[in-house]
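Numbering (my numbering), first residue to last: -6 to 400. No residue lacks a Cβ here, since even glycine has one placed at the ideal position from N, Cα and C.
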């Protein structure tokens, strides 16, 4: 039986071989990170570097940041806005180290932030291009803007019934509700919360499920609001999901998003009716209603102003009409009074007493005025009334009048 090596002797040989081959050498590698465990107080970070084919891990090795390079994690998070956590694909500079107890480890020296940003941008562009290609009737890019079925929906004139999708107890929910319920205008809102876990790979699925539920009761709501407080760029990755972005773009109720800070714009933001921060989306709703209220108040003011002007105009017209009527009536009465006076004079002039003064006479036979000579019989007694005298006569003869006398 050959002499056996002690384990330590074999491990030493491995250590020396690796040292001779890789000492003082550094390598840039592309890898996915997982099992990230940070110890900020000690400024250590342990993790695993893996490579996959499909969903299967084909290569795996331990990695570590020691105190002298831990700042690279902080620098990466500051530059990219992402948390250095499981699932990231990174370019990193490593040294190879072998320890007789802990085995083979890659010591990370630096992280290429531009690679991570570029990869995220490529993934985001791929999602947007897919949305445009597969949904041409609902999603278009025109004159530098994304035009979707949702962001072209008209907003109701008053926004009061709100379906709120958010993580329960989150900063985003608190900021939105505080601004909505304590608005300076004193508006009251009906807000129904649809809670979701907005963290992790399943977040986009949870949000889509709540949107599907809201769609079944869409007549109950004026708008849908999706809020998520601030965080790292990684925290907002669910809002770059293809299926969620498509669902928002095609949603039949206007969707308003309040995701992160002003600098954070997700694909869901681009598909929605409007996007703000959680606080600002609540403010925008209040402002929308305030604009309508001002329009109503302006309309009311114009109505009463026009009504007052109309009343003044009609009053002036009425006064003028009264004056014209009074003047016309006065003229009419004056004319009719003059006519009556003339008629009265005529009547007086034609009265029997006036006629008698002009030489006319009245014949009375049997107590009746006789105007028809045929009714006077010869031998009849008649009375002739003159101006101041009554003459009693007996008709002894009647002869025709032949204008023998010039009267």
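Which residues DSSP lists as bridging residue i, in chain order
i           : result
residue 103 : 86
residue 37  : 32
residue 281 : Looking at the DSSP assignment, residue 281 forms no beta bridge with any residue, so it has no partner.
residue 251 : 220, 269
residue 91  : 97
residue 378 : 355, 383
residue 363 : 356
residue 158 : 187, 219
Residue closest to residue i, alpha-carbon to alpha-carbon, out of the options
i           : options            : result
residue 353 : 372, 338, 380      : 380
residue 264 : 280, 246, 39       : 246
residue 253 : 241, 205, 268      : 268
residue 130 : 239, 206, 211, 50  : 239
residue 386 : 357, 329, 321      : 357
residue 183 : 217, 47, 301       : 217
residue 108 : 59, 158, 24        : 24
residue 69  : 92, 89, 102, 47    : 102
residue 362 : 347, 378, 241      : 378
residue 4   : 105, 351, 163, 92  : 92
residue 33  : 58, 10, 321, 283   : 58
residue 17  : 86, 128, 376       : 86
residue 53  : 294, 22, 304       : 22
residue 176 : 202, 347, 276, 186 : 276
residue 205 : 178, 241, 190, 180 : 241
residue 155 : 106, 212, 202      : 212
residue 261 : 355, 229, 163, 133 : 229
residue 111 : 173, 284, 81, 140  : 81
Secondary structure of residue i, DSSP reduced to three states
i           : result
residue 98  : strand
residue 358 : strand
residue 140 : strand
residue 120 : helix
residue 181 : coil
residue 54  : strand
residue 45  : strand
residue 373 : coil
residue 189 : coil
residue 153 : coil
residue 312 : helix
residue 66  : helix
residue 246 : coil
residue 390 : coil
residue 133 : strand
residue 229 : helix
residue 296 : helix
residue 128 : coil
residue 72  : helix
residue 115 : helix
residue 324 : helix
residue 423 : Here the chain comprises residues numbered -6 to 400, so residue 423 is not present and cannot be evaluated.
residue 79  : coil
residue -3  : coil
First through last residue of the alpha helix (DSSP H) which encompasses residue i
i           : result
residue 196 : 196 to 208
residue 383 : Looking at the DSSP string, residue 383 is not in any alpha helix (DSSP H); the run it does join, the beta strand (DSSP E), is 383 to 387.
residue 261 : 260 to 264
residue 171 : 164 to 174
residue 346 : 345 to 350
Continuous beta strand (DSSP E) stretch holding residue i: start and end
i           : result
residue 1   : Element bounds for residue 1: not the beta strand (DSSP E) but the alpha helix (DSSP H), 0 to 15.
residue 28  : 19 to 32
residue 269 : 267 to 269
Proximity of residue i and residue j at Cβ, strictly below 8 Å
i           : j           : result
residue 197 : residue 161 : no
residue 153 : residue 215 : yes
residue 143 : residue 243 : yes
residue 200 : residue 146 : no
residue 250 : residue 207 : no
residue 83  : residue 169 : no
residue 62  : residue 43  : no
residue 222 : residue 271 : yes
residue 30  : residue 40  : yes
residue 248 : residue 266 : yes
residue 99  : residue 56  : yes
residue 65  : residue 104 : yes
residue 151 : residue 299 : no
residue 123 : residue 235 : yes
residue 371 : residue 394 : no
residue 345 : residue 355 : yes
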